[in-house]
Amino acid sequence: MVVDKGKKMKVAEKGEEENSEQIDGDLVLSIEKLQEIQDELEKINEEASEKVLEVEQKYNVIRKPVYDKRNEIIKSIPDFWLTAFLSHPALGELLTEEDQKIFKHISSLEVEDFKDLKSGYSITFNFNPNPYFEDTKLTKTFTFLDEGTKIAATQIKWKEGMGLPNGVNHQKKGNKRQFAEESFFTWFTDAQPKDDMDEIHDEVAEIIKEDLWPNPLTYFNNEADEEDFDGDEGDEEGKEEDDSDDDDQDDDEDDDDGGDDD
Numbered sequence: 001m002v003v004d005k006g007k008k009m010k011v012a013e014k015g016e017e018e019n020s021e022q023i024d025g026d027l028v029l030s031i032e033k034l035q036e037i038q039d040e041l042e043k044i045n046e047e048a049s050e051k052v053l054e055v056e057q058k059y060n061v062i063r064k065p066v067y068d069k070r071n072e073i074i075k076s077i078p079d080f081w082l083t084a085f086l087s088h089p090a091l092g093e094l095l096t097e098e099d100q101k102i103f104k105h106i107s108s109l110e111v112e113d114f115k116d117l118k119s120g121y122s123i124t125f126n127f128n129p130n131p132y133f134e135d136t137k138l139t140k141t142f143t144f145l146d147e148g149t150k151i152a153a154t155q156i157k158w159k160e161g162m163g164l165p166n167g168v169n170h171q172k173k174g175n176k177r178q179f180a181e182e183s184f185f186t187w188f189t190d191a192q193p194k195d196d197m198d199e200i201h202d203e204v205a206e207i208i209k210e211d212l213w214p215n216p217l218t219y220f221n222n223e224a225d226e227e228d229f230d231g232d233e234g235d236e237e238g239k240e241e242d243d244s245d246d247d248d249q250d251d252d253e254d255d256d257d258g259g260d261d262d
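Heads up, the sequence shown is in the UniProt record's numbering, so the first residue is 1 and it goes up one at a time.
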C-alpha cells in the first residue's frame, strides 16, 4: 500500500495548527488569570490608600494646634522666616535684596492641605503692617483637577510708590551673596503661563510644603552654624597672623644679634 505524501503533510500541518491553537489558548487563559490577580492587587492598593488617607486626615487634625503653637513661638524670634529661607539651598537664591526687607515683616507661615488631602493645598504668608503692601496675608492655592492643577494667588495690593518692579530692586549688588534678579513676590500671580516659569513656581511650592514647613528650625540653625563657623575661621586667621608677627619679631632679633657680633 502506497501512502500519499501530500496527505501525510496535511495531517502533520493540521496537528501543528491544533497544537498552536492549544498553546495560544493556554497563553490567553494564563494572561486572563494574571489580569485577575493584578485587579485584585489594585483593589487592595486602593483600599490601603484610602486607609492611609484616613490616618493622615486624623493626624493632620492632631498636628494643627501644634503647628499653631510653633508659629506663636516663632513670632518671638526676630527674622526667623527670613533666616530660614536664606539658609535653604534652593529658596535662598530666590530672594532679592529688597525681598529680604519685606520678609522681615513676616509674622507666620502656614501650609494647609485640603481636608481630603487629595484635591490640593494652600501656602499662606502672614505679614505684620509694613510699608510695602496693604495685605496682611498672601496666599497661593493649588487645586488638583482631572484636567490639571488650578493655581490661584492673592493679587498683591502694593502701596503707593511700591510694587513690581517699582518696589523691588532687581539689580545685583557687590555683596558676597548673589541676589535673585526677579522678585520672589512674582510667585503670587493668578496667571498660569505654559512655560518653564510655571514649573519653577510649582517646584517652589513643593519645596516649601515638603521640606521647609515640616522643620524650618533645621534651616534656621544652619545660619547659626555658619556664623559660628565664620567666627572660628576669624579666630584661626587672627591666631595665624599673631603667630606670623611673632615669627617676624624673632627673625628681627636674630638679625640684630648678628649685627652686634660684626
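We treat Cβ as the ideally placed atom computed from N, Cα and C, and that holds for glycine. In this text, all values refer to a predicted model and were calculated from it rather than measured experimentally.
Residues bridged to residue i (per DSSP)
| i | result |
| --- | --- |
| W213 | For W213, which the question treats as bridged, DSSP gives no partner whatsoever. |
| N126 | S108 and K137 |
| F144 | T149 |
| W158 | F133 |
| Y121 | D113 and F142 |
Residue i Cβ short of 6 Å to the ligand NAP heavy atom set
| i | result |
| --- | --- |
| M162 | Of ligands this structure carries none, so the ligand NAP is not represented either. |
Contact belief for residue i with residue j at Cβ below 8 Å, rounded distance in angstroms
| i | j | result |
| --- | --- | --- |
| I74 | S122 | Incorrect: roughly 19 Å between the Cβ atoms, too far for contact. |
| N130 | I156 | Incorrect: roughly 12 Å between the Cβ atoms, too far for contact. |
| K104 | D79 | 6 Å |
Buried or exposed by the 16-neighbour rule on C-beta atoms within 10 Å, applied to residue i
| i | result |
| --- | --- |
| E134 | exposed |
| L145 | exposed |
| Y219 | buried |
| T189 | buried |
| S87 | buried |
| L82 | buried |
| Y59 | exposed |
| A48 | exposed |
Cβ-based neighbour list, residue i, same chain, cut-off 6 Å, excluding 5 preceding and 5 following
| i | result |
| --- | --- |
| A84 | P216, Y219 and F220 |
| L53 | L117 |
| N222 | S87 |
Sequence-distant residues of the same chain with beta carbon closer than 7 Å to residue i, five excluded per side
| i | result |
| --- | --- |
| A90 | I207 |
| G120 | F114, T141, F142, T143 and F144 |
| M162 | Y132 and F133 |
Sequence-distant residues of the same chain with beta carbon closer than 8 Å to residue i, five excluded per side
| i | result |
| --- | --- |
| K137 | T124, F125, N126, F127 and T154 |
| Q57 | K115, D116 and L117 |
| K209 | V111, Y121 and I123 |
Next on the checklist: Contact between the region 204-222 and the region 108-118 is defined here as three or more beta-carbon pairs at a separation below 8 Å; is this criterion met?
Outcome noted: Touching, yes, given that three or more Cβ pairs across the two stretches are closer than 8 Å.
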